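Residue numbers (this note's numbering): 150 to 653.
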């Protein structure tokens with residue numbers, strides 16, 4: 150029986166490419182919402198590679214308004230779907246961090262939110278999709294439709310980076326695995342910790358993202374080219390039609406690039422001079438790897454814990470008296486211009502905290518620490534691979550590991566650390582989880598595919614770039630075998646959910 154599938158097309162085009170392969174193989178009706186900017190929109194308006202039953206452009210439905218927001222509607226919406234709307238908008242990076250271009254007023258934010266809610270509600274009620282294909286949300290409007298679909302009983306198949314490189318996760322939720330059971334592992338197939346660590350190193354997601362996405366985006370030449378590409382081919386229409394571009398005049402953007410370059414150079418100099426590079430440890434410590442900011446991991450995944458400095462203070466207060474807290478800067482933070490010198494100094498001024506350079510290898514810190522503390526990252530899983538217990542602040546898809554403990558309250562952390570220090574991690578538990586995890590992941594290499602898309606379509610990392618039919622046609626043809634496998638994995642997920650419906 151034909152299903153209705155709604156896809157959310159973000160600016161990286163992965164789900165558009167997926168649509169092409171999925172439609173070639175499976176007889177389901179495809180609908181889409183696109184959030185592309187003005188220049189690539191011309192391609193999507195006229196493309197003939199995918200036959201969507203309906204293609205809507207998200208930002209067409211968000212206008213500048215001078216009237217007060219309809220608070221009664223928003224209240225009813227919040228009650229109807231069980232969604233905390235303030236939590237979403239107050240953690241939106243566009244509203245929270247990019248105030249140097251445009252400072253959104255309270256009414257502006259609520260007017261945007263109201264229009265988003267109305268459009269998404271109308272769309273879902275009109276289409277009544279059976280499935281929603283998307284990436285794991287990173288912006289508030291993506292999380293909004295994600296939560297609406299779950300509230301309405303629409304099955305979500307969301308793509309996300311995973312603990313293992315060269316793969317991705319397809320799941321309903323970032324905190325749970327879809328497949329929960331697996332056959333017991335024979336003793337002879339249980340990996341040793343050396344084997345587990347070797348597998349972790351060879352399939353390191355952090356290393357892959359650093360090689361394929363961080364280093365290319367961070368090159369000086371790339372940044373200069375990106376600046377000139379943006380300024381010379383500036384599309385002023387985006388500043389009128391996309392609230393994400395409000396206030397981005399040529400002058401402001403050019404000024405921002407120059408200031409950002411000089412500021413980052415100064416911050417990098419501070420990092421090189423002040424953050425610890427020595428990896429010879431002579432004292433017991435708990436390891437806290439900083440999260441990259443502004444990212445969904447904390448903004449959406451741990452929305453009440455986005456102030457990492459305050460978290461560090463609370464953890465440091467909870468340590469046994471003879472312990473230190475070793476904090477390491479995230480190497481990917483270079484993409485966000487590092488943290489400010491003031492923030493680094495705040496961390497370094499906490500008496501029992503040591504701040505480490507981003508280039509210190511993680512495995513060195515895992516091997517030498519006693520416990521790992523993470524807000525919402527993969528560090529708890531990696532800690533288990535190095536025989537170390539961990540504490541997290543939110544539930545994650547590896548939280549079923551016996552060595553991972555969810556913190557309920559900071560008042561309990563001091564006593565919890567004493568328990569965790571005595572805890573032993575077993576290779577059998579980690580092996581069992583790894584096998585279960587592998588049964589849940591897709592072989593689609595999203596990081597590599599994103600790099601291909603960027604090289605093909607984003608001129609000097611500028612997403613607001615023209616797309617030609619010939620170029621897209623060639624790209625889809627060249628990558629069809631990859632996309633076909635990815636489409637098959639989505640279809641298997643549909644079969645899994647349909648089987649679950651029939652068994653209930």
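Ideal Cβ placement from N, Cα and C applies to all residues, glycine included.
All values derive from a computational prediction rather than experimental measurement.
Short Cβ contact (7 Å threshold) for residue i with residue j
{"i": "residue 592", "j": "residue 316", "result": "yes"}
{"i": "residue 247", "j": "residue 443", "result": "no"}
{"i": "residue 503", "j": "residue 473", "result": "yes"}
{"i": "residue 211", "j": "residue 261", "result": "yes"}
{"i": "residue 155", "j": "residue 278", "result": "yes"}
{"i": "residue 431", "j": "residue 513", "result": "no"}
{"i": "residue 533", "j": "residue 552", "result": "yes"}
{"i": "residue 305", "j": "residue 268", "result": "no"}
{"i": "residue 194", "j": "residue 223", "result": "no"}
{"i": "residue 656", "j": "residue 241", "result": "Absent from the structure is residue 656, since the part of the chain shown begins at 150 and ends at 653."}
{"i": "residue 166", "j": "residue 226", "result": "no"}
{"i": "residue 296", "j": "residue 232", "result": "yes"}
{"i": "residue 582", "j": "residue 490", "result": "no"}
{"i": "residue 575", "j": "residue 518", "result": "no"}
{"i": "residue 530", "j": "residue 259", "result": "no"}
{"i": "residue 328", "j": "residue 536", "result": "no"}
{"i": "residue 175", "j": "residue 640", "result": "yes"}
{"i": "residue 142", "j": "residue 642", "result": "Given a span of 150 to 653 for the chain in the structure shown, any question on residue 142 remains unanswerable."}
{"i": "residue 161", "j": "residue 623", "result": "no"}
Closest by C-alpha distance to residue i, when choosing among the options
{"i": "residue 417", "options": "485, 433, 608, 403", "result": "485"}
{"i": "residue 481", "options": "459, 498, 506", "result": "506"}
{"i": "residue 199", "options": "504, 614, 210, 180", "result": "180"}
{"i": "residue 172", "options": "254, 427, 517, 625", "result": "625"}
{"i": "residue 178", "options": "169, 266, 312, 556", "result": "169"}
{"i": "residue 613", "options": "520, 394, 236", "result": "394"}
{"i": "residue 571", "options": "520, 599, 583", "result": "520"}
{"i": "residue 208", "options": "605, 391, 228", "result": "391"}
{"i": "residue 492", "options": "457, 345, 339", "result": "457"}
{"i": "residue 602", "options": "590, 620, 589", "result": "620"}
{"i": "residue 538", "options": "563, 590, 568, 544", "result": "568"}
{"i": "residue 454", "options": "545, 343, 524", "result": "524"}
{"i": "residue 188", "options": "608, 641, 630", "result": "608"}
{"i": "residue 562", "options": "400, 221, 300, 468", "result": "468"}
{"i": "residue 206", "options": "220, 221, 197, 186", "result": "186"}
{"i": "residue 412", "options": "488, 352, 299, 151", "result": "488"}
{"i": "residue 255", "options": "483, 584, 215, 414", "result": "215"}
{"i": "residue 615", "options": "152, 157, 192, 161", "result": "192"}
{"i": "residue 149", "options": "250, 249, 303", "result": "Nothing can be reported for residue 149, as the shown portion of the chain is limited to 150 through 653."}
{"i": "residue 558", "options": "463, 633, 649, 577", "result": "463"}
Cα-Cα separation, residue i to residue j
{"i": "residue 363", "j": "residue 335", "result": "Confidence at residue 363 is low in this model, with a pLDDT of 48, below 50, so the placement of that residue should be treated as unreliable; the coordinate-derived value is given next. Using only the alpha carbons, I get a separation of about 40 Å."}
{"i": "residue 349", "j": "residue 586", "result": "13 Å"}
{"i": "residue 526", "j": "residue 440", "result": "7 Å"}
{"i": "residue 422", "j": "residue 541", "result": "31 Å"}
{"i": "residue 635", "j": "residue 425", "result": "43 Å"}
{"i": "residue 509", "j": "residue 190", "result": "43 Å"}
{"i": "residue 404", "j": "residue 398", "result": "10 Å"}
{"i": "residue 307", "j": "residue 555", "result": "24 Å"}
{"i": "residue 323", "j": "residue 451", "result": "11 Å"}
{"i": "residue 515", "j": "residue 203", "result": "50 Å"}
{"i": "residue 528", "j": "residue 283", "result": "25 Å"}
{"i": "residue 396", "j": "residue 386", "result": "12 Å"}
{"i": "residue 163", "j": "residue 565", "result": "43 Å"}
{"i": "residue 588", "j": "residue 410", "result": "44 Å"}
{"i": "residue 358", "j": "residue 213", "result": "Low per-residue confidence applies at residue 358: pLDDT is 47, beneath 50, and the placement is therefore not dependable enough to give any value."}
{"i": "residue 252", "j": "residue 402", "result": "15 Å"}
{"i": "residue 365", "j": "residue 604", "result": "Caution applies to residue 365, whose pLDDT of 47 falls short of 50 and renders its modelled position unreliable; the model cannot decide the point."}
{"i": "residue 184", "j": "residue 460", "result": "34 Å"}
{"i": "residue 310", "j": "residue 159", "result": "15 Å"}
{"i": "residue 627", "j": "residue 638", "result": "19 Å"}
{"i": "residue 325", "j": "residue 645", "result": "16 Å"}
{"i": "residue 617", "j": "residue 447", "result": "37 Å"}
{"i": "residue 244", "j": "residue 238", "result": "7 Å"}
For residue i, the first and last residue of its enclosing beta strand (DSSP E)
{"i": "residue 306", "result": "304-309"}
{"i": "residue 550", "result": "Segment: none, residue 550 is in no beta strand (DSSP E) and carries neither H nor E."}
{"i": "residue 447", "result": "Looking at the DSSP string, residue 447 is not in any beta strand (DSSP E); the run it does join, the alpha helix (DSSP H), is 445-448."}
{"i": "residue 203", "result": "203-206"}
{"i": "residue 437", "result": "434-438"}
{"i": "residue 349", "result": "That residue, residue 349, is in no beta strand (DSSP E); its alpha helix (DSSP H) goes 342-351."}
{"i": "residue 234", "result": "Premise fails: residue 234 lies in the alpha helix (DSSP H), 234-239, not in any beta strand (DSSP E)."}
Alpha helix (DSSP H) segment containing residue i, residue limits
{"i": "residue 189", "result": "187-195"}
{"i": "residue 417", "result": "399-423"}
{"i": "residue 562", "result": "562-570"}
heavy atom of the ligand FAD below 6 Å from residue i C-beta
{"i": "residue 534", "result": "Looking at this structure, you won't find the ligand FAD or any other ligand, since it has none at all."}
Practice prompt. Pick out the complete alpha helix (DSSP H) segments inside the segment 154-188, 4 residues or longer, and give them in chain order.
Written response: 163-174
Discussion item. Please give me, in chain order, every unbroken run of the alpha helix (DSSP H) with length at least 4 that falls completely inside the segment 584-629.
Written reply: 595-606, 618-627
Item to complete: Taking only runs that begin and end inside the segment 465-512, name each unbroken alpha helix (DSSP H) of 4 or more residues, in chain order.
Response: 490-497
Worksheet item: Counting only runs that start and end within the segment 256-303, where is the alpha helix (DSSP H) found for 4 or more residues in a row?
Response: 289-300
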